[in-house]
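> Using this note's numbering, the first residue of the sequence shown is number 1, and each one after it goes up by one. My questions all concern the structure below.
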Amino acid sequence: MSINETKLEHLDFQDIKKLNREFFSLFNKENFILEIKKKENLKDIVFQDIKALNYTFSVFFRESPSPKIENTSSLIKKFMLIPSEIPFYERLNSPDEIKSLLNRFKKLAVTLETSVDNIAEDYERQSENSKIAEPVNMISRIIQQFLKTVKYQIERFDIKNVVTVNDIRYQFYLFLKPLLKENLIERVIPAIFIGMKNGEADDVYESLLGNINKLLFALGVHTAGIEAGQKINFEICEVISSDQNKTDDHRLSDTIKEVRQLPYIFDNNHVLVDGKVVVWRVVNG
Numbered sequence: 001m002s003i004n005e006t007k008l009e010h011l012d013f014q015d016i017k018k019l020n021r022e023f024f025s026l027f028n029k030e031n032f033i034l035e036i037k038k039k040e041n042l043k044d045i046v047f048q049d050i051k052a053l054n055y056t057f058s059v060f061f062r063e064s065p066s067p068k069i070e071n072t073s074s075l076i077k078k079f080m081l082i083p084s085e086i087p088f089y090e091r092l093n094s095p096d097e098i099k100s101l102l103n104r105f106k107k108l109a110v111t112l113e114t115s116v117d118n119i120a121e122d123y124e125r126q127s128e129n130s131k132i133a134e135p136v137n138m139i140s141r142i143i144q145q146f147l148k149t150v151k152y153q154i155e156r157f158d159i160k161n162v163v164t165v166n167d168i169r170y171q172f173y174l175f176l177k178p179l180l181k182e183n184l185i186e187r188v189i190p191a192i193f194i195g196m197k198n199g200e201a202d203d204v205y206e207s208l209l210g211n212i213n214k215l216l217f218a219l220g221v222h223t224a225g226i227e228a229g230q231k232i233n234f235e236i237c238e239v240i241s242s243d244q245n246k247t248d249d250h251r252l253s254d255t256i257k258e259v260r261q262l263p264y265i266f267d268n269n270h271v272l273v274d275g276k277v278v279v280w281r282v283v284n285g
């Protein structure tokens, strides 16, 4: 059996499902769409892949007749993470160090959950704008679920059949990637982007982003430097479809028109989340 049924009994699936509905509703209202894939068999899924019960999804932008996003260049810069710390998994040099690194990771997740929860509670007390308080509270609950997932996976993590230090580090990387990618970055960063894009409660969203960036920075995660005018790097970027990217200038083929999300990486060989970009589409005049 690939999943621990005893521990799964302690997971609040109703809360996960409710959070999932709110998450979908927010993105739908704000001109985003979700690609949804239903898992075939829940009992064969490790918890890190469950996320919202037995669904997995990706976030995409959807065009509208009057899109709110006209120029994201200045906004995207707020999401930049400069590389500094070495990747967290590279700090693992022997099986004896696993426990201390896992505890460090858990402490970072606890600190993030506490900070975000305080921000959400303070804002809810002070704000009379329920339209903003609702997504801020949703982000807080996503972080709470992230912490639960981290704790659960730490209890289950076990390095097996390791021979070299590189083997140890690679298994630790495989442990970290879905936790950060699917349970944190892909869920929270687009939601914060929406809030900041709308220009309401910028200080709250920037504070939320700052605390998330502290955790990512401590783990050695950074963003790749991409910007409009560059040729797209398909190894770290995903193209978003658009009706507003046509040009007759063949020199702009495979050139980025707009960056909607930066790539999150450990290094060029370890990409956590692809960047989301609109690319110029050359058409005949």
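In this text, a Cβ means the ideal position worked out from N, Cα and C, and glycines have one as well. Only a predicted model underlies this, so the values are computations on that prediction, with no experimental measurement involved.
(1) Contact between the region 139-146 and the region 105-119: three or more CB pairs below 8 Å?
(2) How big is the Cα-Cα spacing for residue 245 and residue 153?
(3) When you compare the CB positions of residue 272 and residue 177, do they come within less than 8 Å of one another, or not?
(4) Relative to the C-alpha of residue 219, which residue among 80, 96, 75, 108 is closest?
(5) Using 8 Å for Cβ pairs, my map puts residue 255 next to residue 275. What's the rounded Cβ distance?
(6) In chain order, what residues of the same chain have a beta carbon less than 7 Å from the beta carbon of residue 159, not counting five sequence neighbours either side?
(7) Answer yes if the region 77-94 comes into contact with the region 205-218, meaning at least three C-beta pairs across the two stretches below 8 Å, and no otherwise.
(8) Grouping DSSP H, G and I as helix and E and B as strand, with all else coil, what is residue 265?
(9) State the Cα-Cα distance for the pair residue 163 and residue 93, rounded to the nearest angstrom.
(10) Please state whether the Cβ-Cβ distance between residue 240 and residue 260 is less than 8 Å.
(11) Under 8 Å by Cβ, that's how I've got residue 266 and residue 221 pegged, so tell me the actual separation to the nearest angstrom.
(12) Between which two residues does the beta strand (DSSP E) carrying residue 272 extend?
(13) Bridge partners of residue 258, per DSSP?
(14) How is residue 221 classed by DSSP in three states: helix, strand or coil?
(15) Rank 278, 77, 166 by C-alpha distance to the C-alpha of residue 223 and give the top, closest one.
(16) Would you decide whether residue 186 is buried or exposed? Buried here means 16 or more other CB atoms lie within 10 Å of its CB.
(17) Using three-state DSSP, classify residue 238 as helix, strand or coil.
(18) Roughly how many whole angstroms lie between the Cα atoms of residue 174 and residue 106?
(19) Check residue 77 in the structure and name its three-state DSSP category.
(20) Output the distance between the C-alpha atoms of residue 234 and residue 180, rounded to the nearest integer angstrom.
(21) Pick helix, strand or coil for residue 114, following the three-state DSSP scheme.
(22) Note down the Cα distance separating residue 90 from residue 270, rounded to an integer number of angstroms.
(23) Pick helix, strand or coil for residue 246, following the three-state DSSP scheme.
(24) In angstroms with no decimal places, state the Cα-to-Cα distance between residue 252 and residue 236.
(25) Quick test of your reading: residue 207 and residue 119, contact by CB under 8 Å. State the CB separation rounded to the nearest angstrom.
Inspection of the coordinates gives the following:
(1) yes
(2) 42 Å
(3) yes
(4) 108
(5) The Cβ separation is near 14 Å, so there is no contact.
(6) 95, 98, 168, 171
(7) yes
(8) strand
(9) 12 Å
(10) yes
(11) 6 Å
(12) 270-273
(13) 278
(14) coil
(15) 77
(16) buried
(17) strand
(18) 16 Å
(19) helix
(20) 21 Å
(21) helix
(22) 12 Å
(23) strand
(24) 19 Å
(25) 5 Å
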